[in-house]
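Engineer: If you want the working numbering, it's the position in the sequence shown, counting the first as 1, plus 1.
All C-beta atoms in this analysis are idealised placements derived from N, C-alpha and C, irrespective of residue type, glycine included.
All values reported here derive from a predicted model rather than from experimental measurement.
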Amino acid sequence: MRFDIITLFPELFAPLLTSGITRRAYESGLVDVRLWNPRDHAEGNYRRVDDRSFGGGPGMVMLAEPLFKTLAAIRADRNEVQPAPVVLFSPIGQALNHNAVANWSQSTGAVLLCGRYEGVDQRFIDHHVDQQISLGDFVLSGGEIAAMALLDAVARLQPGVLNDEGSHQLDSFNPALDGLLDSPHYTRPEVWQGHAVPAELMSGHHAHIERWRREQSLRLTAQHRPELLDQARQEGRLSRLDETYLQKKL
2 MRFDIITLFP ELFAPLLTSG ITRRAYESGL VDVRLWNPRD HAEGNYRRVD
52 DRSFGGGPGM VMLAEPLFKT LAAIRADRNE VQPAPVVLFS PIGQALNHNA
102 VANWSQSTGA VLLCGRYEGV DQRFIDHHVD QQISLGDFVL SGGEIAAMAL
152 LDAVARLQPG VLNDEGSHQL DSFNPALDGL LDSPHYTRPE VWQGHAVPAE
202 LMSGHHAHIE RWRREQSLRL TAQHRPELLD QARQEGRLSR LDETYLQKKL
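1) Going by the C-beta, is proline 190 closer than 7 Å to any heavy atom of the ligand MN?
2) So does the segment 182-193 actually touch the segment 148-160, counting three or more Cβ pairs closer than 8 Å?
3) Rank Phe4, Gly21, Leu9 by C-alpha distance to the C-alpha of aspartate 51 and give the top, closest one.
4) Jot down the residue ranges of each uninterrupted alpha helix (DSSP H) in the segment 113-182, minimum 4 residues, whole runs only, in chain order.
5) Check for me: the alpha helix (DSSP H) holding valine 102 runs from which residue to which?
6) Report the three-state DSSP secondary structure of methionine 61 (helix, strand or coil).
7) DSSP three-state call for alanine 111: helix, strand or coil?
8) Report the rounded CA-to-CA distance for glycine 58 versus cysteine 115, giving the unit in angstroms.
9) Tell me, to the nearest whole angstrom, how far the beta carbon of tyrosine 118 is from that of valine 62; I am working on the premise that it is less than 8 Å.
10) Kindly list the residues whose CB is nearer than 7 Å to the CB of alanine 200, restricted to its own chain and excluding five residues on each side of it in sequence; keep chain order.
11) I need the straight-line Cα distance from isoleucine 134 to asparagine 98, nearest angstrom please.
12) Looking only at C-alpha atoms, which of Glu228, Val162, Thr109 sits nearest to threonine 23?
13) Given valine 140, which residues of its chain have a CB within under 7 Å of its CB, disregarding the five upstream and five downstream residues?
14) Does glutamine 235 come out as helix, strand or coil in the three-state DSSP assignment?
15) Can you tell me the Cβ-Cβ gap for leucine 113 and valine 130, rounded? I've got them flagged as a contact below 8 Å.
16) Just grab the DSSP bridge partners of isoleucine 6 for me.
17) Just curious, the beta strand (DSSP E) that proline 16 is in, first and last residue?
18) Along the alpha helix (DSSP H) that carries isoleucine 210, what are the first and last residues, could you check?
19) Please look up how many angstroms separate the CB atoms of leucine 230 and leucine 181, rounded, as I've assumed it's under 8 Å.
20) Using the three-state DSSP reduction, which class does alanine 197 fall into: helix, strand or coil?
21) Between the beta-carbon of arginine 215 and the beta-carbon of lysine 250, is there less than 8 Å?
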């Protein structure tokens with residue numbers, strides 16, 4: 002898959018692409034990331050990419066023309082029969098979640114537009130943006146962090162990227178956990194500052210361990226993300242044993 006990133010600050014992506022376990026996805030080409038700076042397609046001595054907003058108000062707005070020329074260069078370079086979707090990171094977009102990430106991880110990629118300043122000229126959005134994505138109800142100084150979040154989430158789902166092929170299947174929100182939160186994790190020493198690892202995890206009884214993890218997942222989800230529990234219940238993902246535990250503990 003290939004992601005083309007339109008950004009005024011391509012240098013921000015260097016640590017993401019060269020650090021951590023997900024770098025395997027980028028170095029191997031499983032996730033092909035290419036960076037495009039609109040300044041390279043702007044006109045004039047100053048290669049201007051923004052201007053004041055009509056109607057007044059604070060801040061600057063990204064110009065449509067440099068973005069259009071950048072997108073045209075990307076289209077020519079990709080040379081696709083079916084053009085890749087253009088995605089803008091924006092407060093009005095749909096919130097990014099596990100299902101969306103899973104879908105992107107199986108796609109051929111996209112063109113990711115990282116806005117800056119007060120935003121992007123609406124005419125470019127109206128005519129060229131296919132989808133808008135939000136990380137949550139807050140505002141960032143630019144779309145780069147949001148783009149990196151999507152890239153990282155997609156990269157770790159690619160085959161061979163994580164040391165353990167099944168690691169991501171036990172992540173919070175994964176269908177393998179019925180969309181619930183993951184259970185707590187413990188490691189050595191067995192007792193740390195007077196606090197012991199739960200006895201169930203030390204029992205060596207695999208069925209008991211799996212049941213303990215399931216119950217902890219149910220407990221944490223009920224306490225912190227009850228809407229996920231409601232959704233799992235509506236979809237018939239909770240067993241009678243699950244419901245008995247919830248009624249007894251909560």
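Structural biologist: This is what the structure holds:
1) The model on display carries no ligand, and the ligand MN is accordingly not part of it.
2) no
3) As a first step, residue 51 is located in the sequence shown; it is residue number 50 there, counting from the start. Selected option, being the one with the closest Cα: Leu9.
4) 123-129, 145-156
5) Counting from one through the sequence shown, the residue named residue 102 turns up at place 101. Run containing valine 102: 99-106, per the alpha helix (DSSP H) assignment.
6) Residue mapping note: residue 61 aligns to position 60 of the sequence shown, counting from 1. If DSSP states are grouped into helix, strand and coil, methionine 61 belongs with the strands.
7) Numbered from 1 along the sequence shown, position 110 holds the residue referred to as residue 111. Alanine 111: strand per DSSP, three-state reduction.
8) Here residue 58 corresponds to residue number 57 of the sequence shown, with the count starting at 1. Here residue 115 corresponds to residue number 114 of the sequence shown, with the count starting at 1. Roughly 22 Å between the two C-alpha positions.
9) Within the sequence shown, numbered from 1, the residue matching residue 118 stands at position 117. Within the sequence shown, numbered from 1, the residue matching residue 62 stands at position 61. Contact holds; Cβ gap of about 6 Å.
10) Within the sequence shown, numbered from 1, the residue matching residue 200 stands at position 199. Excluding sequence neighbours, alanine 200 sits near nothing in its chain.
11) Walking along the sequence shown from the start, residue 134 turns up at place 133. Walking along the sequence shown from the start, residue 98 turns up at place 97. Using only the alpha carbons, I get a separation of about 10 Å.
12) To locate residue 23, count along the sequence shown from 1; it is residue 22. When only C-alpha atoms are compared, the closest one is Val162.
13) Counting from 1 along the sequence shown, the entry for residue 140 is found at position 139. For valine 140, same chain residues with a beta-carbon under 7 Å away, outside a window of 5 residues either side, are Pro92 in chain order.
14) Residue numbering aside, residue 235 sits at position 234 when the sequence shown is read from its first letter. Looking at glutamine 235 - three-state DSSP - the assignment turns out to be helix.
15) Working through the sequence shown from its first residue, we reach residue 113 at position 112. Working through the sequence shown from its first residue, we reach residue 130 at position 129. At roughly 11 Å, the Cβ-Cβ gap does not stay under 8 Å, so leucine 113 and valine 130 are not in contact.
16) Sequence index remark: in the sequence shown, residue 6 carries index 5 (1-based). Partner(s): Leu36, Leu113.
17) To locate residue 16, count along the sequence shown from 1; it is residue 15. Counting along the chain, proline 16 falls outside any beta strand (DSSP E), though it belongs to the alpha helix (DSSP H) covering 15-19.
18) Here the question's residue 210 lines up with position 209 in the sequence shown. 207-225 is the extent of the alpha helix (DSSP H) around isoleucine 210.
19) Taking the sequence shown and counting its residues from 1, one reaches residue 230 at position 229. Taking the sequence shown and counting its residues from 1, one reaches residue 181 at position 180. With a Cβ gap of about 7 Å, leucine 230 and leucine 181 count as contacting.
20) Within the sequence shown, the letter at position 196 stands for residue 197. Here alanine 197 sits in strand by DSSP.
21) Taking the sequence shown and counting its residues from 1, the one referred to as residue 215 is at position 214. Taking the sequence shown and counting its residues from 1, the one referred to as residue 250 is at position 249. Taking 8 Å as the Cβ cut-off, arginine 215 and lysine 250 do not qualify as a contacting pair.
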